[in-house]
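Position in the sequence shown (first residue = 1) + 786 = the working numbering.
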Amino acid sequence: MSNEINCIALIGKQNNPLYLKNFSNTHPDLKYHYIAHTSIDVIEERVASGPKNLDLYLGLLYAMEDLAVYGYMTNTRVKFVAVVSVTEGIIRDAEMKTIFKKIHNAYLSQICNPFYNLDSQQSIDSKAFSRAIEAIGANTNTKTTMDI
Numbered sequence: 787m788s789n790e791i792n793c794i795a796l797i798g799k800q801n802n803p804l805y806l807k808n809f810s811n812t813h814p815d816l817k818y819h820y821i822a823h824t825s826i827d828v829i830e831e832r833v834a835s836g837p838k839n840l841d842l843y844l845g846l847l848y849a850m851e852d853l854a855v856y857g858y859m860t861n862t863r864v865k866f867v868a869v870v871s872v873t874e875g876i877i878r879d880a881e882m883k884t885i886f887k888k889i890h891n892a893y894l895s896q897i898c899n900p901f902y903n904l905d906s907q908q909s910i911d912s913k914a915f916s917r918a919i920e921a922i923g924a925n926t927n928t929k930t931t932m933d934i
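This is the structure in structure tokens:
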């Protein structure tokens, strides 16, 4: 993928922020907190108006300036938001689905920890989870694909 992931955010089932990782040097964390929070409304609207057998991947939620916001929601209503810069090229849904599945696997590893309280509204502060999310962002941001 030629576009870079600027931010990955996890939002709890009660719309509380669980985790936010900023990969961008140009935008402050506060901007991504705002983007993640506004994406909750779009996700809730899409889920309410969509079919009941909803795919976990919600696709492009909205675009603003040079950023595209993509969403994913688990069966337990935990929401994942990825903010991608759209300076060049197009973003394929298959690539975003792969990224969200990696994020979902990292989240599953986190909640399978017997010391993690799933019903807690506290943010995720696990070093292993942070490393997994950083690896997802680093691998995606350094990988380039050539269309032949």
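Every residue, glycine too, gets a C-beta built ideally from N, C-alpha and C.
All figures in this text were calculated on a predicted structure; none of them were measured in a lab.
Tell me which same chain residues have a C-beta within less than 6 angstroms of the C-beta of aspartate 933, skipping the five on either side of it? Low local confidence applies: a pLDDT of 38 at aspartate 933 is under 50, so the model's placement there is unreliable, with the coordinate-based value given in what follows. Correct list: empty, nothing qualifies.
Less than 7 angstroms separating the beta-carbons of valine 870 and isoleucine 821? no
Taking the alpha helix (DSSP H) that serine 895 falls in, what are its first and last residues? 879–897
Backbone secondary structure at phenylalanine 901 - three-state DSSP: coil
Taking isoleucine 826 as part of the alpha helix (DSSP H), name the residues at either end of that continuous run. 815–835
Considering only the beta carbon of each residue, do valine 872 and alanine 854 sit closer than 7 angstroms? Alanine 854 sits close to valine 872, with the two beta carbons spaced by under 7 angstroms.
Could you spell out the range, first to last residue, of the beta strand (DSSP E) harbouring glycine 857? 853–859
Take the Cβ of alanine 892 as the centre, count every other Cβ of all protein chains shown within 10 Å, and call the residue buried at 16 or more, exposed below. buried
Cβ of valine 828 within 7 angstroms of Cβ of tyrosine 848? yes
Below 8 angstroms, can you find three or more Cβ-Cβ pairs linking the region 874–883 to the region 912–921? no
Local conformation of serine 871 per DSSP, three classes: strand
Assuming leucine 796 and isoleucine 910 make a contact with CB atoms under 8 angstroms, what is their CB distance in whole Å? 7 angstroms
Tell me which same chain residues have a C-beta within less than 6 angstroms of the C-beta of leucine 804, skipping the five on either side of it? Leu796, Gly798, Ser909, Ile910
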